[in-house]
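Here the sequence shown is numbered in the working numbering, starting from 85 and rising by one per residue. The beta carbon of each residue, even a glycine, is placed where N, CA and C say it ideally should be.
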Amino acid sequence: DKATVDYEAVDAGVLAKILVGDKTSGAVDIQVGEPIAILVEDKSDLEKLISENLDFLKIAGHTPKEDSTAVSDQEKAEVKQLSVDTNPVTLSPAARHILETHGIDPSTVEGSGRRGMITKGDALQAIQGASARGASLVANEISYNSTSGTATTESKPDDAEICKEVIENVSDVSVSTMRKVIATRLTESKHELPHYYATIECEIDELLELRKFYKRELNRAPSLNDMIIRASALALRDVPILKSQLSADGEIVEQEQTDISVAVATSEGLITPIITNADKKGFMEISDNVRDLASRAKTNKLKLEEFQGGCFTISNLGMFGVNDFTAVINLPQVAILAVGSGAERVKISHREQENGFILTHVDEDQLESVSVMSVSLSADRRIVDDASAAQFLQSFKTYVSNPKLMNL
85 DKATVDYEAV DAGVLAKILV GDKTSGAVDI QVGEPIAILV EDKSDLEKLI
135 SENLDFLKIA GHTPKEDSTA VSDQEKAEVK QLSVDTNPVT LSPAARHILE
185 THGIDPSTVE GSGRRGMITK GDALQAIQGA SARGASLVAN EISYNSTSGT
235 ATTESKPDDA EICKEVIENV SDVSVSTMRK VIATRLTESK HELPHYYATI
285 ECEIDELLEL RKFYKRELNR APSLNDMIIR ASALALRDVP ILKSQLSADG
335 EIVEQEQTDI SVAVATSEGL ITPIITNADK KGFMEISDNV RDLASRAKTN
385 KLKLEEFQGG CFTISNLGMF GVNDFTAVIN LPQVAILAVG SGAERVKISH
435 REQENGFILT HVDEDQLESV SVMSVSLSAD RRIVDDASAA QFLQSFKTYV
485 SNPKLMNL
C-alpha cells in the first residue's frame, strides 16, 4: 500500500531550494540521510544561496538509480527463496512416512490439502511420478560376474507396488474435539500438579458376601464399583481435605458436598459423570444413578452440570483384570482413586505364642484364603500431605473390609 504523509519542519523559515526531484519528475529514490531541501531564515538570503556551491550536501558514493522499477534476477531469486523459507511445508503423518520411506523431498511435492498441506494422495502421486522418471533412466540393475565374465540383470522392485503396500498399513485418524480437550487437561494436570502416590490392599470378602445377600433378598445387587463409591464418599467425609480445591489466590477451598466423579469409557474417550451427595445415598440409589449416567454418557446425552465439577474421582479397571495402576488427577480436583481387580491370597489367620514369642511354625489349619483388592491414590502434594493420604486410605479400607459400617 502507498501513503502520503506530511512531515512538518522543526525550524521556521523560508523554503529556498528543493534538492531532490521536481514537479515533473515524479517519485525518485532517496538515500537515508540525504538532504531534500534548504530552509533560510529570511528572504534576503535567497540571492546569497544562488551563488553558493552546494556540492558538499551530496552523500559520498551515492548515485541515483537509472530505473527504480527494475529488479535484478538475483533480487528475484532472493525474494523467491525468502518466500519458500517463510512458508514451511506441512504434511499429514501418512504423507510424511511415505515420502521419508522413498527419500523424496517434501518441498518438491505440491500439496492439495487445506492451506497447501501434502496429503497421502499427493505423496502417492509423487512416488508414481518418481517411479516413472526412474524407469526412463534405469531399467535394470546390472551386476558383473568376474568369474564367468557374464553380465546378469536383476529387476528393480516397482516403487508403486511398494508404496501401495506401505499405504495399506498407514491411515490418518482425525482427533475429536473431546479427545483434544482430554489431552490438554491431562497434560496440564501432570505438568502443574506434583502427584503423590499411595497404595493399600483391602480384604473384600465381606463386601462380596453383602452383594450376594442383596442378590438373594432383593433379586438385584449393586456392583462392586457402586459399593466402592459409597466407601470413598464416607472416607472423604472422615478426611475432607481430599475433597478440597486450590483457588486462583492460592487458598484451599473445601467442598461442602461430597460429589464423586466416576470415569466412564466412551468411543470418544473417558468422561466423568458425577454422583452428587454420594455420602447420603445408599448402595441401590448409587447403583441406579451410575447406570443412568453411564448409559447417557455413552450416547452423548449428559447435561453440562452432570459431568463438570465433582470433588473426587474414581477410576476402576478391575473389570478388565488390571491388578493395580495409577491415575492422573482430574483438574481442578486434588485426588483420584485407581481401583484394581480382586485376587485370591493366602494369609495366616492367627499365630501361636509361647512365653511372649511368636512361633515361626505355621500349621495348615492356620492358613485361610482371602480376596484382596488393591487401590492406589494419586493426590496433589501441595494440599494433601502424606498423613492425610494415609488416613483416607485407612478409612476407605475400614469401610470396605467391614461393609456393615456403611449402613450406619
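Query, Result
"In or out: Asn414 buried (at least 16 other Cβ within 10 Å) or exposed?", "buried"
"Counting only the same chain and skipping the five closest in sequence on each side, list residues whose C-beta sits under 7 Å from that of Pro190.", "Val173, Leu175, Leu183 and Ile202"
"When you compare the CB positions of Ile288 and Ser316, do they come within less than 8 Å of one another, or not?", "no"
"Might you give, ordered along the chain, the residues of its own chain that have their beta carbon closer than 6 Å to the beta carbon of Ala411, omitting 5 neighbours on each side?", "Ser399, Ile420, Ala422 and Ser462"
"Quick one: using the 10 Å Cβ neighbour count with 16 as the cut-off for buried, is Asp95 buried or exposed?", "exposed"
"Taking the beta carbon of Ser128 as the centre, do at least 16 other beta carbons fall within 10 Å, making it buried, or is it exposed?", "exposed"
"Assuming Val459 and Ile284 make a contact with CB atoms under 8 Å, what is their CB distance in whole Å?", "6 Å"
"Just the Cα atoms here: how many angstroms apart are His275 and Asp206?", "38 Å"
"Cβ atoms of Ala282 and Ala427: under 8 Å apart, would you say?", "no"
"Taking the CB atoms as reference points, tell me whether Phe476 and Val323 lie closer together than 8 Å.", "yes"
"What would DSSP say about Arg263, mapped onto helix, strand or coil?", "helix"
"Around the Cβ of Arg314, are there at least 16 other Cβ atoms within 10 angstroms (buried) or fewer (exposed)?", "buried"
"Where Thr231 and Thr185 are concerned, what is the direct C-alpha to C-alpha distance, given to the nearest angstrom?", "Confidence is the limiting factor: at Thr231 the pLDDT is only 47, short of 50, which leaves the residue's position unreliable, though a coordinate-based value still follows. Their backbone Cα atoms lie some 36 Å apart in a straight line."
"Grab the span of the alpha helix (DSSP H) containing Ser379 for me, first residue to last.", "Phe367 to Ala381"
"Excluding the 5 residues preceding and the 5 following Asn361 in the sequence, name in chain order all residues of the same chain whose CB lies nearer than 8 Å to its CB.", "Gln341, Thr342 and Asp343"
"Could you tell me which of Gln339, Gly424, Tyr483 and Arg429 sits nearest to Phe404, measuring between CA atoms?", "Gly424"
"Please go through the same chain and pick out, in chain order, the residues whose beta-carbon is closer than 6 Å to the beta-carbon of Ser331, but skip the five residues on each side of it.", "Val337"
"Does the separation of the CB atoms of Lys327 and Thr350 fall below 8 Å?", "no"
"Could you spell out the range, first to last residue, of the beta strand (DSSP E) harbouring Glu293?", "Note, Glu293: premise wrong, no beta strand (DSSP E); alpha helix (DSSP H) at Asp289 to Leu302."
"Taking 8 Å as the limit between beta carbons, can you name the residues of its chain near Ala93, skipping five residues before and five after?", "Leu123"
"Does the beta-carbon distance from Val406 to Ala378 come in below 8 Å?", "no"
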